[in-house]
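Below: one structure, written as structure tokens.
In the working numbering, the protein residues as written are 55 to 408.
Here is the structure:
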């Protein structure tokens with residue numbers, strides 16, 4: 055008896071994570087695309103339950119026409135068909151394959167060779183945009199500096215815990231796409247601002263970056279620095295963070311703390327990081343549509359423009375193949391950590407000296 059499409063999708067997404075070492079984010083994208091394909095088949099074939107035996111080249115061809123008529127981007131259509139082809143390869147390996155994966159014609163797609171990145175003036179204004187007198191602004195400055203220093207993907211940044219970073223040797227390892235581990239390095243500015251942010255925090259929560267909004271926001275308040283009992287603010291109006299302790303008279307808060315002592319519910323999400331990046335780009339009037347990935351491009355471009363070689367940048371970004379890195383450019387040849395220390399943000403160091 056043929057397995058249902060829904061059952062096979064579940065097994066496939068488990069397979070790509072466990073056997074192929076792909077991230078949960080990638081597995082989620084596969085799951086989404088295959089479920090959309092299944093829903094289309096339910097409508098097209100007028101069947102509530104779809105089995106893997108129902109998938110044939112004619113169905114795939116008609117789904118491709120459907121995607122084309124939806125006026126989707128070439129890259130989106132391409133990704134749907136690549137996912138279907140990958141799924142069919144899995145079915146062949148498990149003995150359920152009906153369609154030869156190689157016969158699935160991929161949508162035409164030529165990845166753009168242009169890369170969006172911020173120039174040095176834009177970067178300076180952008181990185182200095184957060185108001186570091188308040189805890190959320192201090193967090194944001196630390197986050198932006200860390201993104202630019204390391205070239206992390208936004209999903210990698212969101213997963214970071216406060217104990218992941220080794221400030222003494224100014225580096226840490228990260229597991230990226232495909233389960234590939236790489237080492238990333240911290241600039242002077244990243245060390246400075248992440249340290250300031252962590253020093254300001256008065257909690258023992260695990261996530262490196264916390265959110266300070268929503269139903270739990272009242273657990274933190276920014277209060278003015280005071281020098282006397284009746285003083286309201288310091289001369290500069292700076293503020294310090296107060297972490298409210300659970301009120302023993304309110305059982306709900308105590309139970310909430312006991313249920314989540316690591317503070318995972320306060321972890322800053324990928325979506326929140328994307329929003330705050332756009333917020334600061336808008337604040338300083340950057341014309342580029344800035345995303346966390348634009349900062350990743352800016353990191354790579356900064357290294358290459360200052361003299362780092364392509365292979366170094368490939369390792370720094372965690373690209374499996376150097377061909378992926380070739381969207382940037384080509385240059386010279388020092389060691390990885392030495393290249394980061396020597397080249398990354400060199401224009402900022404010169405500004406300080408002057």
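Built from N, CA and C at the ideal position, the CB exists for glycine as well. Since we're looking at a predicted model, the values are computed, not measured.
CB of residue i within 9 angstroms of CB of residue j, strictly
i, j, result
"residue 357", "residue 380", "no"
"residue 88", "residue 63", "yes"
"residue 40", "residue 232", "The displayed coordinates of the chain run from 55 to 408. Any statement about residue 40 would go beyond what the structure contains."
"residue 374", "residue 234", "yes"
"residue 172", "residue 340", "yes"
"residue 372", "residue 174", "no"
"residue 263", "residue 322", "yes"
"residue 160", "residue 136", "yes"
"residue 122", "residue 131", "yes"
"residue 117", "residue 134", "yes"
Whole-angstrom distance between residue j and residue i, CA atom to CA atom
i, j, result
"residue 302", "residue 313", "With a pLDDT of only 36 at residue 302, under the threshold of 50, the placement of this residue in the model should not be trusted, and no figure is reported."
"residue 83", "residue 138", "12 angstroms"
"residue 70", "residue 59", "16 angstroms"
"residue 194", "residue 329", "11 angstroms"
"residue 222", "residue 249", "11 angstroms"
"residue 361", "residue 224", "21 angstroms"
"residue 256", "residue 196", "16 angstroms"
"residue 226", "residue 396", "18 angstroms"
"residue 261", "residue 151", "43 angstroms"
"residue 296", "residue 189", "A caution first: residue 296 carries a pLDDT of 44, below 50, which makes its placement in the model too unreliable to give a value."
"residue 283", "residue 265", "Here residue 283 scores only 34 on pLDDT, less than 50, and its place in the model is too uncertain to base an answer on."
"residue 399", "residue 125", "41 angstroms"
"residue 146", "residue 315", "45 angstroms"
"residue 149", "residue 336", "53 angstroms"
"residue 332", "residue 182", "14 angstroms"
"residue 403", "residue 394", "13 angstroms"
"residue 354", "residue 98", "45 angstroms"
"residue 368", "residue 198", "21 angstroms"
"residue 366", "residue 61", "42 angstroms"
"residue 92", "residue 129", "20 angstroms"
"residue 388", "residue 378", "Confidence in residue 388 is poor, its pLDDT being 40 and thus under 50, which makes the residue's placement too unreliable to answer from."
"residue 258", "residue 78", "27 angstroms"
"residue 228", "residue 113", "41 angstroms"
"residue 344", "residue 318", "27 angstroms"
"residue 320", "residue 267", "9 angstroms"
Close Cβ partners of residue i (< 6 angstroms) along its chain, the five nearest in sequence each way excluded
i, result
"residue 203", "240, 241, 244"
"residue 342", "170"
"residue 401", "174"
"residue 218", "226"
Close-in-space but distant-in-sequence residues of the same chain around residue i (CB under 7 angstroms, 5 per side omitted)
i, result
"residue 179", "338"
"residue 102", "96"
"residue 67", "81, 84, 85"
"residue 324", "208, 209, 212"
"residue 94", "117, 120"
Near the ligand MG: residue i beta-carbon under 8 angstroms from a heavy atom
i, result
"residue 138", "Looking at this structure, you won't find the ligand MG or any other ligand, since it has none at all."
Cβ neighbours of residue i in the same chain (closer than 8 angstroms, five flanking residues each side left out)
i, result
"residue 192", "184, 186, 247, 250, 251, 254"
"residue 326", "265"
On the three-pair Cβ rule with 8 angstroms, is the segment 210-218 touching the segment 141-155?
no
At a cut of 8 angstroms, does the segment 72-81 reach the segment 94-111 through at least three beta carbon pairs?
no
Which runs of the alpha helix (DSSP H) spanning at least 4 residues fall entirely within the segment 158-231, listed in chain order?
174-181, 189-204, 208-213
Is the segment 344-357 in contact with the segment 187-202, if contact means three or more CB pairs nearer than 8 angstroms?
yes
4-residue-minimum alpha helix (DSSP H) runs that sit fully inside the segment 88-163, ordered along the chain:
111-123, 128-147
So within the segment 327-392, which uninterrupted alpha helix (DSSP H) runs reach at least 4 residues, ignoring any that extend past its ends?
346-360, 364-371, 376-379
Pick out the complete alpha helix (DSSP H) segments inside the segment 231-258, 4 residues or longer, and give them in chain order.
242-254
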